[in-house]
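**Q** Quick one: structure below, then a few questions.
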Amino acid sequence: MPPLSLDLDGVWVSYELDFLLRRRFAPVEIVQHPTNMLLTAQLLLLASLPLSQEPDAPVTSEPSSVFDAVESVEVQEPQEPIVVEVPMGQEPLVTDVEAEALSAWLAEDGPEWDSPTDQFFRDMSFGLTLDLMTEFTEKEDTIEEYNDLRIRGAQINFASPVYGTGHAFATIDFSDGGDGTDFVLREAGAWIEDFAGDLVPGRMDAQVGKYYADLGAWNTVMANEFGAPSLDGVRRSFFGGNMVMTGAELHHGMPIQDGYFRWSAGLAGDVESQDVDMFGNGLDATGPAGVGRRGFSNWAGTARASLQLNFGSGIKGRAGASVYYAPDQPLFTDLGGGSTERLEARNALRGLDLGFLWEVADSTMSHELSAELWISDAEFRSGPGTLADDESRGEWMMYEFVYDAHWSAGALVSRNDVLGLPGPVDSDASYHSGFVTYSVNESNRFSMFLTHTNPGYVQEKFFTVGAQWVFDLGAKRANSIARWH
């Protein structure tokens, strides 16, 4: 806009000044003594220049009419004016009035100027989940996991929206698996949400980073979120606990008539097993599941599909199938004396999961039954530098009855072949538990439980009785994939 000369007619100056300041900052109304025209002229001249520009020549031209000046100004939506009061007999600096108008404008519209980094940290949710466990047993030569109180997990949860993309998440844990506290990065990554838009029916999402793989209906559920006090023996044996992968996983879900269908597929270059009830949290390189995988040559892939049907009256059913395949999974064996043998073994898992949910009408009661069958077709170390093939099977089932918002109870049974132990010996292992839970609220629950463990391979069987207290402070972890839709 070209500089304008001033016709110090009070009406024209007030009209033009109001339009110029509307464009520069926000609507401004000047309330002043009629003789204080110097301030009016200064404001008008300053408002007609860019913020960084200084006047370098006297103002010599003026519009031919008030209407010509008005036509050159872009008209915006009406806003409430900012009133800048100028006391009579006082000559405030122009910059003071400009600063007051600018400050009021920023106070109203300032959040639009936030950088993505400011938004990320401002909207971050943060929480702590504490998992206290005590177990007592008559088992001989008990380890520190039993007959003691341990902080099974002090878990810190982070989540924040990534505007225009999705949200980021991270979970870190200070966890005692029975041999002291370990620092564990449980997960860290980001969800890219609904990125396909209207190109595909339903919703397409992807998660990238370190994540709990979508295998079966329960692998994305952490131990402190699980109904039973500990995970079933099948997944602890075949997966090494929860299977965590570093890579990318694609998800697609869509409603269908009287139900819901979803599928996922993932590709990873690193796989980790996490078991909060095992020494080292199951992260030892000599554990049952492969860890330390690096590089594309040691890739692993997953896939899952599930179908949910709604039968009415609060009754739902679900069936799903999952696969995991790693052609060259590293297998480490501690040879003693600081020496470790590394072999690359094929590992393949196939699973079938079933679910049934009955939410009783006009009450808070519900019944949920879950069952999974897993078949492991994996190579194992049969001797120094030698691999053999073994197919093992395991199945588990859990029933949970919710009486009301406070009380629930359930039972879990599991049985599996012990991996790598073919032959005439008893190679069956089992783990069973029963539990009663009292929830003070959604963030505070207390459980009592009884378990029986048979490690298999003629090892000692034993019972345990114990208690668990889980409570949340702040935001909960919200990265488990929903079992029901």
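Here the sequence shown is numbered in our numbering, starting from 156 and rising by one per residue.
No residue lacks a Cβ here, since even glycine has one placed at the ideal position from N, Cα and C.
Looking at the structure shown, is G352 part of a helix, part of a strand, or coil, going by DSSP?
**A** Residue state, collapsed to three classes: helix.
**Q** Suppose you measure from the CA of R638 to the CA of E514; what does that come to, to the nearest Å?
**A** The straight-line gap from Cα to Cα measures roughly 14 angstroms.
**Q** Quick test of your reading: R305 and L370, contact by CB under 8 angstroms. State the CB separation rounded to the nearest angstrom.
**A** No, R305 and L370 are not in contact; Cβ-Cβ is about 28 angstroms, not under 8 angstroms.
**Q** Of the choices F487, H522, A503, T284, whose alpha-carbon is the least far from that of E496?
**A** Residue F487 is the option with its Cα nearest to E496.
**Q** Let's see if you can read the secondary structure: which residues bound the alpha helix (DSSP H) around F393?
**A** Here the alpha helix (DSSP H) through F393 covers 388 to 393.
**Q** For A633, does the three-state DSSP call read helix, strand or coil?
**A** Three-state result, A633: coil.
**Q** Measure from the alpha carbon of S602 to the alpha carbon of each residue in S594, N609, T608, then state which is nearest.
**A** S602 has its Cα closest to that of S594, out of S594, N609, T608.
**Q** Rounded to a whole number of angstroms, what is the C-alpha to C-alpha distance between F535 and S585?
**A** Looking at the two C-alpha atoms, the distance is approximately 21 angstroms.
**Q** Does the count of Cβ pairs from the region 619 to 630 and the region 359 to 377 closer than 8 angstroms reach three?
**A** The region 619 to 630, when compared against the region 359 to 377, does not touch it at the 8 angstroms Cβ threshold.
**Q** How many angstroms separate the CA atom of S428 from the CA atom of A526?
**A** So the alpha carbons of these two residues sit roughly 21 angstroms apart.
**Q** Here's a check: name, in chain order, each residue in its chain whose Cβ is nearer than 6 angstroms to the Cβ of A455, leaving out the five neighbours to either side.
**A** Around A455: A423, V426, A481.
**Q** Pick out whichever of S419, V363, G396, G344 has its Cα sitting closest to the Cα of M377.
**A** With distances taken between Cα atoms, M377 lies closest to G396.
**Q** Does the region 385 to 392 come close enough to the region 558 to 569 to have 3 or more Cβ pairs within less than 8 angstroms?
**A** Yes, since at least three Cβ pairs between the region 385 to 392 and the region 558 to 569 fall closer than 8 angstroms, the two stretches touch.
**Q** Using CA atoms only, rank isn't needed, just tell me which of T519, H587, M520, P539 is closest to W551.
**A** Of T519, H587, M520, P539, the residue nearest in Cα terms is H587.
**Q** Please list the terminal residues of the continuous beta strand (DSSP E) segment that includes T326.
**A** It spans 321 to 331 - the beta strand (DSSP E) in which T326 sits, taken as one unbroken run.
**Q** Using only the alpha-carbon positions, how far apart do S315 and L405 sit?
**A** Cα-Cα distance, rounded: 20 angstroms.
**Q** Hey, how far is the Cα of I470 from the Cα of K616?
**A** Taking the straight line joining both Cα atoms gives about 38 angstroms.
**Q** Determine, using beta carbons only, whether T457 and M400 come nearer to each other than 9 angstroms.
**A** Their beta carbons are under 9 angstroms apart, which means T457 touches M400 by this criterion.
**Q** Within the same chain, show all residues whose beta-carbon is closer than 6 angstroms to that of L605, passing over the 5 residues directly before and after it, in chain order.
**A** Excluding positions up to five away in sequence, the list reads G589, V620.
**Q** Looking at C-alpha atoms only, which residue of S392, Q412, G540, S521 is the closest neighbour of D121?
**A** Outside the shown range of the chain, which is 156 to 640, sits residue 121, and nothing can be said about it.
**Q** Across which residues does DSSP place H607 in a beta bridge pair?
**A** Paired residue(s): H587, F618.
**Q** Classify T320: buried if its beta carbon has 16 or more other beta carbons within 10 angstroms, exposed otherwise.
**A** Label assigned to T320: exposed.
**Q** Can you tell me where the beta strand (DSSP E) with V365 in it begins and where it stops?
**A** Checking the displayed sequence, the identity of residue 365 turns out to be Lys instead of Val. Unbroken beta strand (DSSP E) run through K365: 358 to 367.
**Q** Could you tell me which residues DSSP puts in a beta bridge with P485?
**A** DSSP output for P485 lists E499 as bridge partner(s).
**Q** Closest to D532 by CA distance: which of S547, M520, G538 is it?
**A** Among S547, M520, G538, the Cα nearest to that of D532 belongs to S547.
**Q** For D508, I'd like the list of residues in its chain whose CB is within less than 6 angstroms of its CB, leaving aside the five on either flank, ordered along the chain.
**A** For D508, where only same-chain residues beyond five positions count, the Cβ hits under 6 angstroms are G371, A372, G475, E527.
**Q** Taking C-alpha atoms, which residue in W418, D273, L498, A309 lies nearest to L287?
**A** Considering only alpha carbons, the answer is A309.
**Q** Whose C-alpha, out of E293, A345, G565, is nearest the C-alpha of L524?
**A** Checked all of E293, A345, G565; the closest Cα to L524 is G565.
**Q** Classify Y415 as buried or exposed, calling it buried when 16 or more other Cβ atoms lie within 10 Å of its own Cβ.
**A** Counting Cβ neighbours within 10 Å, Y415 comes out buried, since at least 16 surround it.
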